[in-house]
Amino acid sequence: MKVSYDQRTDTLTVVLKEKAKVAESDEDKPGVILDYDKHGNLISLEILDASKRVSETRKIEFQLAE
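Residues 0 to 65 in numbering that gives the first Met the number 0 are what the sequence shown lists, from first letter to last.
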């Protein structure tokens, strides 16, 4: 999994499956784009205007549930 923030475009991207090809994209909610592979699996999502939607665009916390 890969998370990136582009300050120039104010876009936060979460890639769930690297090297997977996007077959379809859907703007589920305004400013939230979901990308799917040819089997309908979610492979990435983009959040537009991220600084308005995410509290800290430069901070990432990873937590494992036990």
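Built from N, CA and C at the ideal position, the CB exists for glycine as well.
Bear in mind the structure is a predicted one, so any value in this text is a computation, not a measurement.
- Residue burial is scored here from C-beta neighbours: SER54 has fewer than 16 other C-beta atoms within 10 angstroms and is therefore classed as exposed.
- An exposed status is given to SER24, since fewer than 16 other beta-carbon atoms sit within 10 Å of its beta-carbon.
- If only complete runs of 3 or more residues are kept, the segment 2-63 shows the beta strand (DSSP E) at 10-14, 23-28, 31-35, 41-46, in order along the chain.
- Inclusion of VAL14 and MET0 in the CB contact set at 8 angstroms is warranted, their separation being smaller than that value.
- Between GLN6 and TYR35, the alpha-carbon positions lie close to 24 angstroms from each other.
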